Structure formats: structure tokens, C-alpha cells
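Each residue of the sequence shown is one higher than the one before, starting from 1 at the first, in full-length UniProt numbering. Built from N, CA and C at the ideal position, the CB exists for glycine as well. Small disclaimer: the values here were computed from a predicted structure and weren't measured.
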Amino acid sequence: MKILMVCLGNICRSPLAEGILRHLSDQQGLGWEVDSCGTGNWHVGDPPDARSVRVARQNGIDISKLRGRQFQVADFDDFDRIFVMDLDNYRDVLRKARSDGDRQKVQLLLEHQQPVPDPWYDDALFEPVYQLIYNACERIVKIG
């Protein structure tokens, strides 16, 4: 299984989601390939935000070597499932979809159309966002 995590800039939420899901997949011996990207291009080549790196490290996950990249149409071909963090990301990714098959791969990470809050402007959100993403990734691992 190849899974892509998508947020706006690929420095806060989606690198956390990539690191968490890869960690859980490895623990379970699933062998999933996990990647992340952003819908915007501002942070292409940049490492994750230091606050995301810190909260991941505090929970035993190292995301410090990840680098930002932008979502590309080819990602529809390369990934089986594409999880987005919020409705803006959802709309941005769907705008690039070429077919119903592409569109069917895309869904919000959290259930019930809930967005993952963007912690960029509020340091206090990084730990709660980590927990939201972790719980969602545990659900993904359980349902396959």
C-alpha cells in the first residue's frame, strides 16, 4: 500500500502524518510506503517545522530528515490512498484530479469531515494535532 499525506505547506501536519503512519506501519510489519506533500510550493525542499520535529521526537518518531514537496498530478498514479488534512487541501487536490478513479483516492484524514487544525500560528496546538493524527493513523492501520 502506498499512502500520501497532504497539507498546505508540507512542514507541520503532513510530515507528522507521514512519520506517524510510517512508524505504525513498521511496528505492524505492513511494509507500507508513506510520503507527504503540500498543496502549496512555499516550502519545497525545506525540513519540517521545528515544532513538528520536536513533538514527533517526544513521541519516539524522527521526521527531521523529511523535506517538503508540492503535490503533483503524478501522485494520483503513484499512490493508492491520499489523505488530506482539511477541506481546502481536499478541494486543491481534487482540482488536479483527472478522473473518478483519482477522486476516489482522496479523503480527509479525520472522520466526519473534520479538519486537522493547522498549528502553524499556535504553538499549543502541536501536541493536540499530533494526537489527532496519531489516532487517525491508528484507525488507518486497523482498517488497512
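- Contact check for G68 against G45 passes: the beta carbons are separated by less than 8 Å.
- The Cβ neighbour count for A124, taken over all protein chains shown within 10 Å, is under 16; the residue is labelled exposed.
- Judged by beta-carbon spacing, V34 lies beyond the 8 Å limit of V93, meaning their Cβ atoms are not closer than that value.
- Sequence-distant Cβ neighbours of N41 in its own chain, meaning closer than 6 Å and more than five residues away, are Q70.
- Contact check for V73 against R91 fails: the beta carbons are separated by 8 Å or more.
- Look at the beta carbons and you see the segment 51 to 60 not touching the segment 77 to 87: under three pairs across the two are nearer than 8 Å.
- Look at V84 here: in three-state DSSP terms it is strand.
- Nearest neighbour of V129 by Cα position, chosen from S36, G144, L66 and A17, turns out to be A17.
- Put simply, the backbone Cα of I61 is about 10 Å away from that of L24.
- Annotated three-state conformation of G38 is strand, per DSSP.
- In this structure, the straight-line span from the alpha carbon of S36 to that of K2 is close to 11 Å.
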